[in-house]
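Colleague:
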Amino acid sequence: AKELGKSRFKVFNRKMHDQALQLMELETDLRRAVDLREFEVVYQPVVRLDTRQVCGFEALVRWRHPEHGIIGPGDFVSLAEDTGLIYAIDNMVLEEACAQVRRWQSLSVDCDGPLSVNVNISGKHFGQSMLAGQISRALEDSGLAPGSLNIEITESALMDNPNVAEEILLQLKDLGVHICIDDFGTGYSSLSYLQRFPIDVVKVDRSFIIAVDKDPDSQAIVRTIFSLGESMGLKIVAEGVETSGQLDFLEREGCQFVQGYFFYKPLTVTEVDNLLEGQRRA
Ligand code: C2E
Ligand code: CA
Ligand code: CA
Ligand code: CA
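The numbering of the sequence shown is UniProt numbering, which starts it at 575 and goes up by one.
#1: According to the neighbour-count rule (16 or more other Cβ atoms, all chains shown, within 10 Å of its Cβ), is residue 641 buried or exposed?
#2: Just verifying my parser: in three-state terms, what is the DSSP assignment at residue 719?
#3: Indicate whether the contact test is met: 3 or more Cβ pairs, each with one atom in the region 659 to 673 and one in the region 630 to 645, closer than 8 Å.
#4: Which term fits residue 794, buried or exposed, when burial requires 16 or more other beta carbons within 10 angstroms of its beta carbon?
#5: Roughly how many whole angstroms lie between the Cα atoms of residue 614 and residue 772?
#6: What three-state label does DSSP hand residue 688 in the structure shown?
#7: Pairs of beta-carbons, one from the region 803 to 820 and one from the region 760 to 780, closer than 8 Å: are there three or more?
#8: Alpha carbon to alpha carbon, what distance is there between residue 598 and residue 713?
#9: Evaluate contact between the region 760 to 768 and the region 811 to 826, counting only Cβ atoms and requiring at least three cross-stretch pairs below 8 Å.
#10: What is the rounded straight-line gap between the Cα of residue 743 and the Cα of residue 736?
#11: Roughly how many angstroms lie between the CA atoms of residue 636 and residue 658, to the nearest whole one?
#12: When every heavy atom of ligand 3 is checked, does at least one fall within less than 6 Å of the C-beta of residue 756?
#13: Run through the DSSP bridge pairs and tell me what residue 812 is partnered with.
#14: Flag this pair as yes or no: are the beta carbons of residue 621 and residue 837 separated by less than 7 Å?
#15: Once DSSP output is grouped into helix, strand and coil, what is the label at residue 587?
#16: Let me check you understand the geometry: is the CB of residue 816 closer than 6 Å to at least one non-hydrogen atom of ligand 3?
#17: Does the region 642 to 658 come close enough to the region 598 to 611 that 3 or more CB-CB pairs lie under 8 Å?
#18: So for residue 625, helix, strand or coil by DSSP?
#19: Starting from residue 643, follow the beta strand (DSSP E) in both directions and report where the run begins and ends.
#20: Taking the beta carbon of residue 739 as the centre, do at least 16 other beta carbons fall within 10 Å, making it buried, or is it exposed?
#21: Within 10 angstroms of its Cβ, does residue 618 collect 16 or more other Cβ (buried), or is it exposed?
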């Protein structure tokens with residue numbers, strides 16, 4: 575038994591060694607990817623439930639690795655955060671998404687107002703003082719109206735350093751962009767920040783949507799978020815809607831906006847071009 579334990583330990587060590595090597599290789603690759611701009615932005619439509627129209631998009635990054643193919647953010651964002659490469663990546667997505675959505679706005683697409691775009695900013699990046707400057711430059715370069723841009727941040731990004739967060743949020747509000755809380759309800763934070771910070775949009779996390787067609791607890795949570803949103807004048811978006819059962823519940827509860835595979839997966843620029851072609855004003 576002792577022998578077995580020893581060899582197992584060796585195997586384990588070997589595995590850790592391999593993983594460390596892989597991680598180093600990934601880091602080298604990621605640095606190169608930033609230099610060579612090996613990233614692509616895909617766009618997941620946000621749908622207005624009453625009309626089923628596409629009203630905007632969330633920009634989501636993909637890494638086009640020369641050997642490994644498309645890599646999703648789940649596999650590189652935390653490494654990008656640890657190495658500081660996330661600033662460059664978030665910025666690139668921000669600039670590209672603003673310019674792209676500005677182009678789509680000029681297609682005279684029929685929705686309540688101009689198409690909007692949501693851009694994710696990492697908590698790491700959020701605490702940086704140059705964020706407002708970067709956003710303002712992206713708006714200027716693209717010609718996108720500030721009111722068409724929603725900046726998505728998580729609760730924990732705000733609560734890690736509430737004083738800094740408040741200052742940055744006020745700078746962003748000054749620019750005229752909207753603030754969106756991503757993955758709402760999954761942080762350890764209290765609700766008091768909704769009162770303290772100038773929040774415009776809240777995205778109900780997918781974990782509450784998954785069983786919302788049958789689980790009373792999920793239903794109670796989602797109902798509570800909707801009524802909180804209504805009384806506080808927040809716009810609420812339900813994330814990760816995959817089934818008609820989930821959608822039925824959300825519609826019954828008066829949900830206004832949804833995002834999820836039930837309507838659309840994240841789409842390439844060409845796919846969005848085609849989609850919008852069908853939604854143009856007659
Ligand atoms: P997120 O911001 O919560 O984005 C939603 C994720 O859920 C996306 O995964 C999206 O493709 C996926 N999704 C959308 N609808 C459905 C659905 O109906 N079912 C399921 N199962 N999933 C759905 P993705 O693109 O892999 O992104 C993962 C996370 O990576 C994002 O979560 C976000 O936190 C981060 N991320 C993506 N792009 C960026 C970026 O440009 N900058 C930063 N800092 N983070 C990013
Ligand atoms: Ca997001
Ligand atoms: Ca989310
Ligand atoms: Ca998430």
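We put the CB at the ideal spot given by N, CA and C, even for glycine. Nothing here was measured: the structure is a model prediction, and the numbers come from that model.
Modeller: Short version:
#1: The residue you call residue 641 lines up with position 67 of the sequence shown. So residue 641 counts as exposed.
#2: As a position in the sequence shown, residue 719 is number 145, starting the count at 1. The three-state reading of DSSP puts residue 719 in coil, since its state is none of H, G, I, E or B.
#3: Yes, the region 659 to 673 is in contact with the region 630 to 645.
#4: By 1-based counting over the sequence shown, the position of residue 794 is 220. Label assigned to residue 794: exposed.
#5: Here the question's residue 614 lines up with position 40 in the sequence shown. Here the question's residue 772 lines up with position 198 in the sequence shown. Each residue's Cα considered, the two are about 31 Å apart.
#6: Counted from its first residue, the sequence shown places residue 688 at position 114. Residue 688: coil per DSSP, three-state reduction.
#7: The region 803 to 820, when compared against the region 760 to 780, does touch it at the 8 Å Cβ threshold.
#8: Position 139 of the sequence shown holds residue 713. Position 24 of the sequence shown holds residue 598. About 35 Å.
#9: They do not touch, by the three-pair rule.
#10: Within the sequence shown, numbered from 1, the residue matching residue 743 stands at position 169. Within the sequence shown, numbered from 1, the residue matching residue 736 stands at position 162. When only Cα atoms are considered, residue 743 and residue 736 end up about 10 Å apart.
#11: The residue given as residue 636 occupies position 62 in the sequence shown. The residue given as residue 658 occupies position 84 in the sequence shown. If you take the alpha carbons of residue 636 and residue 658, they lie about 18 Å apart.
#12: Position 182 of the sequence shown, counting from 1, holds the residue named residue 756. Yes; taking the cut-off as 6 Å, the Cβ of residue 756 has a heavy atom of ligand 3 nearer than that.
#13: As a working note, residue 812 is residue 238 in the sequence shown. Among the bridge pairs identified by DSSP, residue 812 is matched with 778 and 832.
#14: As a first step, residue 621 must be located in the sequence shown, where it is residue number 47. As a first step, residue 837 must be located in the sequence shown, where it is residue number 263. Yes; because the gap between Cβ atoms is below 7 Å, this pair is in contact.
#15: What you label residue 587 is simply residue 13 of the sequence shown in a count that begins at 1. Assigned with DSSP and collapsed to three states, residue 587 falls in helix.
#16: Here the question's residue 816 lines up with position 242 in the sequence shown. Flag unset: Cβ of residue 816 not near ligand 3.
#17: With a cut-off of 8 Å, the region 642 to 658 and the region 598 to 611 count as touching, because enough Cβ pairs lie within range.
#18: Here residue 625 corresponds to residue number 51 of the sequence shown, with the count starting at 1. Coil, per DSSP.
#19: As a position in the sequence shown, residue 643 is number 69, starting the count at 1. Element bounds for residue 643: 643 to 645.
#20: For the purposes of this step, residue 739 is taken as the residue at position 165 of the sequence shown. Buried is the call here.
#21: To locate residue 618, count along the sequence shown from 1; it is residue 44. Classification of residue 618: buried, given that the 10 Å Cβ count is 16 or more.
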